[in-house]
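Asker:
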Amino acid sequence: MTKILVIGANGQLGQSFQYWAPYFPNFKIFFEDLPEFNLLDRDQLVHYFKSTSINIVINCAAYTAVDQAEDQPEAAEQINTGAIDSLCQLSKSFGFKLIHFSTDYVFDGSAQTPYGEDDPLSPMGVYGKTKAAGEAVMQSAGIDGWIIRTSWLFSPYGKNFVKTIFSLLQNKDEIKVVADQTGSPTYALDLAAAILKALEHKPTFNGVKIYHYTNSGTTTRYGLALAIQQQINTHCKIHAVETAAYPTKAERPKYSVLSCEKIKKEFNLDIQAWELSLKDCLKKIG
3 MTKILVIGAN
13 GQLGQSFQYW
23 APYFPNFKIF
33 FEDLPEFNLL
43 DRDQLVHYFK
53 STSINIVINC
63 AAYTAVDQAE
73 DQPEAAEQIN
83 TGAIDSLCQL
93 SKSFGFKLIH
103 FSTDYVFDGS
113 AQTPYGEDDP
123 LSPMGVYGKT
133 KAAGEAVMQS
143 AGIDGWIIRT
153 SWLFSPYGKN
163 FVKTIFSLLQ
173 NKDEIKVVAD
183 QTGSPTYALD
193 LAAAILKALE
203 HKPTFNGVKI
213 YHYTNSGTTT
223 RYGLALAIQQ
233 QINTHCKIHA
243 VETAAYPTKA
253 ERPKYSVLSC
263 EKIKKEFNLD
273 IQAWELSLKD
283 CLKKIG
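Going by our numbering, the sequence shown opens with residue 3, and the numbers climb by one from there.
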């Protein structure tokens, strides 16, 4: 039986893997997170892998506070780059395959058509730069694994745009939402299921492959907020604004749609439209 370790088990993606674990009986899935499992404590990690026989590590841990990263670049670098280096060294020592998640923020948003896996990187801000550096570390480490880039992650778990807007719509008379940032929302439960389905294919790992995964379709932040409003009973007024009117410490890509054709073809995945997944998410949020 394939033994899988999910790191960052308490985040939205980690909790999504926990949701699906019972539906994949051919995998024995272990879940770890802070404080018991600290990616920055190498001795602790060595002891863990010595005492287990993990085949695949799925790393959901990341520093994702995009604006905060501008003030805490060292902390972002430790988690998004340094910890990946540690996992790569452990992969060499203990032979497990590494699946690591990255982001649309490794691109600068200047494109007008969906980004492919091989398009040149041009990361924006500390968050994007540390994630791009983590990718580079993994690609040069001489290990086997996957880098999965995704975008606009949402779920019933943790903090995310959908949950924030859901709450604001029920508690405010009017809100402002950026209308000039375009991307593809990604339901964390769909992403977790897709990875487990891909692993059921018993893929041959040979070096590090990069894949993109988002739900199908594109929208703006404003369009996503309107879609949420359509699903719930609220009279809150949503105003469309430009990014310039909503200044943040970290710059956001204006266009960060990712092409998902590669992962769909290789693993015969049927990727659901974001609107349908949003309905499921809002039902679970309740």
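Don't be surprised by glycine CBs; every beta carbon is placed ideally from N, CA and C.
#1: Enumerate in chain order the residues of its own chain whose CB-to-CB distance from Leu170 is below 6 Å, with the five nearest sequence positions on each side excluded.
#2: Three-state secondary structure (DSSP) at Asn61?
#3: Per DSSP, Thr152 is paired with what?
#4: Would you mind stating whether Leu284 and Gln233 have Cβ atoms separated by less than 8 Å?
#5: Check for me: the beta strand (DSSP E) holding Val243 runs from which residue to which?
#6: Name the DSSP beta bridge partners of Gly33, please?
#7: Who are the Cβ neighbours of Val59 in its own chain at under 6 Å, not counting the five residues just before and after it?
#8: How long is the line joining the alpha carbons of Glu277 and Leu155, rounded to whole angstroms?
#9: Evaluate contact between the segment 243-259 and the segment 108-118, counting only Cβ atoms and requiring at least three cross-stretch pairs below 8 Å.
#10: Using a Cβ-Cβ cutoff of less than 6 Å, which residues in the same chain neighbour Gly136 once the five nearest sequence positions on both sides are dropped?
#11: Drop a sphere of 10 angstroms on the beta-carbon of Arg223, count the other beta-carbons inside from all chains shown, and report buried for 16 or more, exposed for fewer.
Answerer: On the basis of the data shown:
#1: Ile177
#2: strand
#3: Thr105
#4: yes
#5: Lys239 to Val243
#6: Reading off the sequence, residue 33 comes out as Phe, not Gly. Bridge partners of Phe33: Val8.
#7: Leu7, Phe98 and Leu100
#8: 13 Å
#9: yes
#10: Asn82, Thr83 and Ile86
#11: buried
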